Amino acid sequence: MRNLKTPPSSEFAKKVRALVSKIPKGKTMTYGQVAQKAGKPGAARAVGYIMSMNYDPKVPCHRVVRADGKVGDYNRGGAARKMKLLQEEGAIKAAAQKKK
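One gets the working numbering by counting positions in the sequence shown from 1 and adding 27 to each.
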């Protein structure tokens, strides 16, 4: 049985982390966009799971957001922390963003 803190290691998970590591500061992608670019359209929830298990600072999972305009959750401080990071990077405006 896999340890719940061990990040997924499938080829898809590796592609997802590689794609997310290339999202520049000030930009975001939706979970669905990441899934599409990683070769599995419709796998947005799988991308969310992969990001929830990411603790590698080289993979800026805070730059992956929900398609409905909300930031979504963040495993290193919750939605408020994720929003703050995105605001600091210029990816979103303070008043325009909804939380989780």
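For glycine and all other residues, C-beta sits at the position ideal for the given N, C-alpha and C. Every value quoted in this text rests on a predicted model; they were computed, and no experiment measured them.
Nearest to residue i by CA position, among the options, is which residue?
i	options	result
residue 54	105, 97, 103, 89	89
residue 87	116, 67, 72	116
residue 67	101, 37, 118, 102	37
residue 40	104, 96, 81, 56	81
residue 103	97, 44, 83, 118	83
residue 73	44, 118, 119	44
If you drop the 5 nearest sequence neighbours on each side, which residues of the same chain put their C-beta closer than 7 Å to that of residue i?
i	result
residue 30	Low local confidence applies: a pLDDT of 47 at residue 30 is under 50, so the model's placement there is unreliable, with the coordinate-based value given in what follows. Excluding residues within five positions, none has a Cβ falling inside 7 Å.
residue 112	89
residue 46	61, 64, 65
Spatial neighbours of residue i within its chain, please: CB distance less than 8 Å, with the 5 preceding and 5 following residues excluded, ordered by chain position.
i	result
residue 99	58, 75, 91, 92, 93, 106, 109, 127
residue 48	85, 86, 87
residue 118	52, 53, 54, 55, 90
Under the DSSP definition of a beta bridge, which residues are partnered with residue i?
i	result
residue 91	56
Please return the same chain residues whose Cβ sits closer than 6 Å to the Cβ of residue i, not counting the five positions on each side in sequence.
i	result
residue 71	58, 59, 62
residue 52	116
residue 78	88, 91
How many whole angstroms separate the CB atoms of residue i and residue j, which I take to be in contact at a CB cut-off of 8 Å?
i	j	result
residue 65	residue 85	Actually they do not touch by this definition, with Cβ atoms about 17 Å apart.
Assign residue i to one of three DSSP states: helix, strand, or coil.
i	result
residue 105	helix
residue 86	coil
residue 116	coil
residue 50	coil
residue 66	coil
residue 37	coil
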